[in-house]
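Residue numbers (our numbering): 726 to 1216. Just so it is clear, CB atoms sit at the ideal spot from N, CA and C, and this is done for glycine as well. What follows is one structure encoded as structure tokens, with my remarks underneath.
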Amino acid sequence: MTTDKKFNLIDEQWIPIRERGLFSLRDIFSDPSLRRIGGNPIQKTAIFKLLCAIAQSAWTPKTEEEWRQSTVEDFCRKCLAYLEKWHEKFWLYGDEPFLQVPAVADLTVKVYSFATLNLEKASGNTTVLTQFQLQAEPTDADKALLLVTLMCFAIGGKKADNSKVLTPGYKGKSKSGKAGASLGTRGYLHSYVLADSVASTVWLNLFSEERLSKLPCFPEGVGTAPWEKMPAGEDCDVARKLKDSLMGRLVPLGRFCLLTDDGMYCTEGIAHDDHQSGRFDPTQSVERKKNKFNSLWADPDKKPWRSLTSILSFLGSQDASRYVCCQVELGMSRARDCFESVELWSGGVSVTYQSGEQYMAGSDDFVESCFDFSPQDVGEQFFETFSASVEQLDRLSKQLYKCVLGYYTAMGTEGKTMAGRAASQFWEIAGLHAQELIDSCVPGEDPEPVRYFFRATMRNTYNESCPHFTPRQLQAWAKNQPNASQKGKER
């Protein structure tokens, strides 16, 4: 472990940019050719949140009108000036290492290997399937990315030594570490709008004080960035203010860590409330029903595009019980005046939670979807047409399942497995044509050709799933054949 200043995140290349390589924080706000953050979905989200935290610290517009009067270029200059001012706080190693708490070393808490804390790497008794999963010596860039990701997406369970506390008398730690604020028990689904560069994406998603004042999640407003003033413990004044501010959701400090040569000291940090208490990330989609809050989760069996009707529900009914994604609503409402085309990104990771332990089981995986939208075309009419098209897909899937099940029942065999496989195949094909579905729903376009394609896909999938060669097979096949009508009122 070194106390010498080394590897400054402002100057060094550590942020993955898709199809380009690694870049520094300074590069992000200097180079408009950097279009998309790379990495897996939780790394993308964690980096996006960090960039937003830097941006909100550099400049938070008081009103929406002040934001509308700004430009991306002026915004980037403010961010670069801020990074220059706080340059000394971004050293990965040193007396005040970035987003780390040196005091954990004095607690003699356990040191965890980097692989143990990394969702993508194998450790302990995890089965190794590919060479990629094997432990490799991480670079400082790898460690910086892991640290930033861990602040939001720490896995709950024994991958945090909770035997000691920094705040005297603090009773908030159990034996198992709490899941990261951006992860939750099953893995939250996160969504936000992408503009034409990483910097313009951050600018588009910047909250004004006016907007924040309408969000009850953040009574402290923007708050203070943790690198400007790190908490002394889990429940000190600084920690409590972070829990009530936007900054505490952008950089939650879910783990108090300190890098060593071999791994990290790691204990549970600030314990944020979850969505059930009405506290959640702006990138989460949350629905309120009476006094209960529900969140969208990452689900490998239901790709994120199938949740677009929930994520975009602000375009339709203003029912108080609808899903709300503050970040998407902000980005879409602004994009109409600034960009001809944007992308809506959704992603996350599904995890299993059992007996206080959290891990990626065989059915868990990373998920993400990204689709083009013309913000001028995305309104109530689009939403109604798109919702009707998705409802048709759901009906077709259910009918397909029922028909395949009926076929195998008539054949005297168990058919649930084949019926489920057929429905999954249908949704897989539908996902490949999701952008066409979206494009067909904009005002002035006819959605019927795409809907016809999906009806044909359902019939073809039924035929492929149900052999019809022998007389007995033909009889069962004909009896259970789906009948998708022109209006989508399937039998």
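Exercise for review: Report back the beta-carbon spacing between residue 1114 and residue 1172 to the nearest angstrom; my notes put them in contact at under 8 Å.
Suggested key: The sequence position of residue 1114 within the sequence shown is 389, counting from 1. The sequence position of residue 1172 within the sequence shown is 447, counting from 1. Going by Cβ atoms, the distance from residue 1114 to residue 1172 rounds to 6 Å, so yes, they are a contact pair.
Review point. If you draw a straight line from the C-alpha of residue 738 to the C-alpha of residue 1030, how long is it?
Key: Counting from one through the sequence shown, the residue named residue 738 turns up at place 13. Counting from one through the sequence shown, the residue named residue 1030 turns up at place 305. Those two C-alpha atoms are separated by around 32 Å.
Check your understanding: Can you give, in chain order, each stretch of the alpha helix (DSSP H) that sits fully within the region 764-801 and has at least 4 residues?
Key -> 766-783, 789-793
Point to revise | For residue 883, the nearest candidate out of 901, 871, 1164 (CA to CA) | key: Translated into positions along the sequence shown, residue 883 becomes position 158. Per the Cα distances, 901.
**Study point:** Euclidean distance between Cα positions of residue 899 and residue 887
**Key:** Within the sequence shown, residue 899 is the residue found at index 174, counting from 1. Within the sequence shown, residue 887 is the residue found at index 162, counting from 1. Approximately 7 Å, taken between the alpha carbons.
Check your understanding: Is it right to say residue 1088 is buried, meaning 16 or more other beta carbons lie within 10 angstroms of its own, or is it exposed?
Key -> By one-based count along the sequence shown, residue 1088 stands at place 363. The residue is exposed, with fewer than 16 neighbouring Cβ atoms inside 10 Å.
Check your understanding: For the region 773-787 against the region 944-951, are there 3 or more C-beta pairs whose distance is under 8 Å?
Key -> yes
**Study point:** One or two residues paired with residue 740 in a DSSP bridge
**Key:** Your numbering for residue 740 matches position 15 in the sequence shown. Answer is 748, bridged to residue 740.
Check your understanding: Helix, strand or coil for residue 1061 per DSSP?
Key -> On the sequence shown, position 336 is the one that residue 1061 refers to. Collapsing the DSSP output to three states places residue 1061 in coil.
Check your understanding: Taking Cβ to Cβ, would you say residue 904 is nearer than 9 Å to residue 1083?
Key -> Locating residue 904 in the sequence shown gives position 179, counting from the first residue. Locating residue 1083 in the sequence shown gives position 358, counting from the first residue. Yes.
Practice item. Report, in whole angstroms, the separation of the C-beta atoms of residue 839 and residue 822, which I expect to be a contact under 8 Å. Key: In the sequence shown, the residue the question calls residue 839 occupies position 114. In the sequence shown, the residue the question calls residue 822 occupies position 97. At roughly 15 Å, the Cβ-Cβ gap does not stay under 8 Å, so residue 839 and residue 822 are not in contact.
Practice item. Just the C-alpha distance for residue 1013 and residue 1048, rounded to the nearest angstrom, thanks. Key: To locate residue 1013, count along the sequence shown from 1; it is residue 288. To locate residue 1048, count along the sequence shown from 1; it is residue 323. Near 7 Å, if we compare the C-alpha coordinates of residue 1048 and residue 1013.
**Study point:** Per DSSP, the bridge partner or partners of residue 1068
**Key:** Residue numbering aside, residue 1068 sits at position 343 when the sequence shown is read from its first letter. BP columns for residue 1068 point to 919, 1097.
Exercise for review: Pick out whichever of 818, 1142, 961 has its Cα sitting closest to the Cα of residue 895.
Suggested key: Position 170 of the sequence shown, counting from 1, holds the residue named residue 895. When only C-alpha atoms are compared, the closest one is 961.
Practice item. Could you say which of 1090, 938, 1069 lies nearest to residue 787 if we only look at CA atoms? Key: For the purposes of this step, residue 787 is identified with residue 62 of the sequence shown, where counting begins at 1. Per the Cα distances, 938.
Practice item. Report yes if the CB atom of residue 1050 is closer than 9 Å to the CB atom of residue 1128, and no otherwise. Key: Position 325 of the sequence shown, counted from the first residue, corresponds to residue 1050. Position 403 of the sequence shown, counted from the first residue, corresponds to residue 1128. Residue 1128 is positioned such that its CB atom lies no closer than 9 Å to that of residue 1050.
Check your understanding: Does the separation of the CB atoms of residue 1174 and residue 1187 fall below 9 Å?
Key -> Counting from one through the sequence shown, the residue named residue 1174 turns up at place 449. Counting from one through the sequence shown, the residue named residue 1187 turns up at place 462. Note that the C-beta distance between residue 1174 and residue 1187 is not below 9 Å.
Review point. Would the region 988-1007 and the region 1074-1083 be scored as touching if the rule is three or more Cβ pairs under 8 Å?
Key: With a cut-off of 8 Å on Cβ pairs, the region 988-1007 is not in contact with the region 1074-1083, counting fewer than three such pairs.
Check your understanding: Quick one, which of 992, 1019, 818, 1116 has its alpha-carbon nearest residue 730's?
Key -> Residue 730 sits at position 5 when you count from the first residue of the sequence shown. Out of 992, 1019, 818, 1116, 818 has the C-alpha closest to the C-alpha of residue 730.
Review point. Hey, how far is the Cα of residue 1108 from the Cα of residue 1033?
Key: Taking the first residue of the sequence shown as 1, we reach residue 1108 at position 383. Taking the first residue of the sequence shown as 1, we reach residue 1033 at position 308. Taking the straight line joining both Cα atoms gives about 10 Å.
Review point. Taking the Cβ atom as the reference point for each residue, do residue 872 and residue 982 lie within a distance shorter than 9 Å?
Key: Here residue 872 corresponds to residue number 147 of the sequence shown, with the count starting at 1. Here residue 982 corresponds to residue number 257 of the sequence shown, with the count starting at 1. Yes; because the gap between Cβ atoms is below 9 Å, this pair is in contact.
Review point. Going by C-alpha distance, which of 794, 1101, 890 is nearest residue 1169?
Key: On the sequence shown, residue 1169 is found 444 positions in, with the first residue counted as 1. Of the candidates 794, 1101, 890, the one whose C-alpha sits nearest the C-alpha of residue 1169 is 1101.
Check your understanding: Which residue spans inside the region 804-850 form an unbroken alpha helix (DSSP H) run of at least 4?
Key -> 828-831, 839-842
Point to revise | Sequence-distant residues of the same chain with beta carbon closer than 8 Å to residue 749, five excluded per side | key: Looking up residue 749 in the sequence shown gives position 24. Same-chain partners within the cutoff: 734, 735, 736, 737, 738, 739, 740.
Check your understanding: In three-state DSSP terms, what is residue 980?
Key -> Position 255 of the sequence shown, counted from the first residue, corresponds to residue 980. Three-state result, residue 980: strand.
**Study point:** Option nearest residue 755 by Cα separation, candidates 809, 988, 1163
**Key:** If you number the sequence shown from 1, residue 755 lands on position 30. The option with the nearest alpha carbon to residue 755 is 809.
Review point. Is DSSP giving residue 753 helix, strand or coil here?
Key: Translated into positions along the sequence shown, residue 753 becomes position 28. The DSSP-derived three-state label of residue 753 is helix.
Check your understanding: In the region 987-1018, which residue ranges form an unbroken beta strand (DSSP E) of at least 3 residues, counting only runs that do not cross its ends?
Key -> 989-993, 1011-1014
Check your understanding: Distance, Cα to Cα, residue 1037 vs residue 987?
Key -> For the purposes of this step, residue 1037 is taken as residue 312 along the sequence shown, with counting starting at 1. For the purposes of this step, residue 987 is taken as residue 262 along the sequence shown, with counting starting at 1. Near 45 Å, if we compare the C-alpha coordinates of residue 987 and residue 1037.
Exercise for review: On a CA-only basis, which of 956, 924, 1104 is nearest residue 803? Give me that one, please.
Suggested key: Position 78 of the sequence shown, counted from the start, is the residue given in the question as residue 803. Among 956, 924, 1104, the Cα nearest to that of residue 803 belongs to 924.
Review point. Going by the C-beta, is residue 822 closer than 8 Å to any heavy atom of the ligand FMN?
Key: Absence of the ligand FMN is noted for the structure shown, with no ligands found whatsoever.
Check your understanding: If residue 1010 and residue 914 are in contact, beta carbons under 8 Å, what's the gap, nearest whole angstrom?
Key -> Translated into positions along the sequence shown, residue 1010 becomes position 285. Translated into positions along the sequence shown, residue 914 becomes position 189. Yes, they are in contact, since the Cβ atoms of residue 1010 and residue 914 sit about 7 Å apart, within 8 Å.
Review point. Any idea if residue 973 is buried or exposed, counting beta-carbon neighbours within 10 angstroms, 16 or more meaning buried?
Key: In the sequence shown, the residue the question calls residue 973 occupies position 248. Burial call: buried.
Point to revise | Per DSSP, cross-strand counterpart(s) of residue 1077 | key: By one-based count along the sequence shown, residue 1077 stands at place 352. Its beta-bridge partners are 1084.
Exercise for review: Mind checking which residues open and close the alpha helix (DSSP H) that includes residue 731?
Suggested key: Within the sequence shown, residue 731 is the residue found at index 6, counting from 1. No alpha helix (DSSP H) contains residue 731, which is instead part of the beta strand (DSSP E) from 731-733.
Point to revise | Reference residue 789, options 753, 1004, 934, 1006, closest by Cα | key: Here residue 789 is taken as the residue at index 64 of the sequence shown, counted from 1. Nearest of 753, 1004, 934, 1006 to residue 789, Cα basis: 934.
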